[in-house]
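Enquirer: Please read through the structure below; I'll follow up with questions.
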Amino acid sequence: MKKTIGKLAVLSLCSAFLLTSVPTHGFAASSLSQVAVNDQQDNAFVKKVDPFVKLDANTMRFFLTSDAKKHLSSNEYSQAVAAINQTNALIKKNKSNLIANGKKVSINQKMVANSIDTNAYWDYELFWWGHRFYLSHELCQDIRAEAMGIGGAGTITAGILVGLGVPGWVASIIVGSEVLSLYVVTKIDKGNGVYIDTFHVGVPGVPNVYSA
């Protein structure tokens, strides 16, 4: 039985917000061999750039501080700018539904700064570098049941996720990044669900799957 999502996410430097349109597919891997499975690895690029990323509460745009060029190589700086531009483009498309308050951007002024809601059936956060998706244990079980029910093939499709109530654009990113498999929903899920990190195009790193 699907749970009701108890919140919409909120966007700050490293928090989240829920967009209403289909975002750019932020993934960098084309096979499971390229996916960091069950290992919440630190992304060196994100870790290095993150201190220099700020949010302008008036314009609701992320930007790099003036110190960024002093600490980042020209290539790192360019990659960071490209990633931030992708996120800012998503914000722009949904700006009419967003409210800036200090360093937070909320939807309809009803949300509070929060991380992923692990009581939800599914949830997600959007960072300047990409997306973090949360699939609950219940959803993982439902995915497994649906996948095994299609002739026993065990194939996880976007259609399965959509049928379980996951928005099409979320299903498209998750399935398109090729990180979701029966192994993930049966072995990586330890009873609390799983997290899936995907990165904007151009951001160094591969999709990362780990237990919640």
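Those letters in the sequence shown? Residues -28 to -1, 1 to 184, per mature numbering (1 follows the signal peptide of the UniProt record, and there is no 0), in order. Even for Gly, the Cβ is constructed at its ideal location relative to N, Cα and C.
Have a look at Thr158, Asp95, Trp101 and flag the residue whose alpha-carbon is nearest the alpha-carbon of Ala143.
Expert: Checked all of Thr158, Asp95, Trp101; the closest Cα to Ala143 is Asp95.
Enquirer: Looking only at C-alpha atoms, which of Ile63, Asp39, Ile168 sits nearest to Phe105?
Expert: Answer by Cα proximity: Ile168.
Enquirer: Taking C-beta to C-beta, are Ser149 and Pro176 nearer than 8 angstroms?
Expert: It is not a contact, given that the beta carbons lie outside the stated cut-off.
Enquirer: Can you pull the DSSP bridge partners for Trp94?
Expert: According to DSSP, Trp94 bridges with Leu107.
Enquirer: Based on Cα-Cα distance, which residue from Val21, Ala16, Lys65 lies nearest to Ser50?
Expert: Nearest C-alpha to Ser50: Val21.
Enquirer: Could you tell me how far apart the beta carbons of Ser108 and Ala130 are, in whole angstroms, since I believe they sit closer than 8 angstroms?
Expert: With 8 angstroms as the limit, Ser108 and Ala130 do not qualify as a contact, their Cβ atoms being about 18 angstroms apart.
Enquirer: Determine, using beta carbons only, whether Cys112 and Val157 come nearer to each other than 8 angstroms.
Expert: Taking 8 angstroms as the Cβ cut-off, Cys112 and Val157 qualify as a contacting pair.
Enquirer: The beta strand (DSSP E) with Leu133 in it runs from where to where?
Expert: Careful: Leu133 lies outside any beta strand (DSSP E), inside the alpha helix (DSSP H) at 130 to 135.
Enquirer: Using 8 angstroms as the threshold, is the C-beta distance between Leu27 and Ile56 below it?
Expert: Contact: no.
Enquirer: Measure the CB-CB distance between Val151 and Val181 and report whether it falls below 8 angstroms.
Expert: Yes, they are a contact pair.
Enquirer: Would you list the residues sitting across from Leu36 in a DSSP beta bridge?
Expert: Val25.
Enquirer: As a quick exercise: from Phe24, Phe34, Gln58, pick the residue whose alpha carbon is nearest that of Lys42.
Expert: Here the closest residue by C-alpha is Phe24.
Enquirer: On a Cα-Cα basis, can you pick out the residue from Ile132, Ser45, Ser46, Asn15 that is closest to Arg116?
Expert: Of the candidates Ile132, Ser45, Ser46, Asn15, the one whose C-alpha sits nearest the C-alpha of Arg116 is Ile132.
Enquirer: Output needed for Trp100: all residues of its chain with C-beta closer than 7 angstroms, excluding positions within five of it in sequence on either side, in chain order.
Expert: So the qualifying residues of the chain are Val25, Phe34, Ala55, Ile56, Thr59.
Enquirer: Throw me the rounded Cβ distance for the Gly135 and Glu118 pair, which I believe falls under 8 angstroms.
Expert: Indeed, because the Cβ distance is near 7 angstroms, the residues count as touching under 8 angstroms.
Enquirer: Between His103 and Thr31, is the Cβ-Cβ spacing less than 8 angstroms?
Expert: Not in contact: His103 and Thr31 (Cβ atoms no closer than 8 angstroms).
Enquirer: Roughly how many whole angstroms lie between the Cα atoms of Gly174 and Gly121?
Expert: Near 37 angstroms, if we compare the C-alpha coordinates of Gly121 and Gly174.
Enquirer: On a Cα-Cα basis, can you pick out the residue from Thr90, Ala61, Phe17, Lys19 that is closest to Asn164?
Expert: Minimum Cα distance to Asn164 is reached at Thr90.
Enquirer: Where does the unbroken beta strand (DSSP E) through Val166 begin, and where does it stop?
Expert: Run containing Val166: 166 to 171, per the beta strand (DSSP E) assignment.
Enquirer: CB-CB under 8 angstroms to His172, same chain, minus the five flanking residues each way: which ones, in chain order?
Expert: Closer than 8 angstroms at Cβ, skipping near neighbours: Thr(-5), Gly(-3), Ala54, Ala55, Gln58, Thr59, Trp101, Gly102.
Enquirer: Could you pull the DSSP bridge partners for Tyr182 from this structure?
Expert: Answer is Tyr167.
Enquirer: Between Phe17 and the rest of its own chain, which residues show a CB-CB distance below 6 angstroms, the 5 nearest in sequence each way excluded?
Expert: Around Phe17: Pro176.
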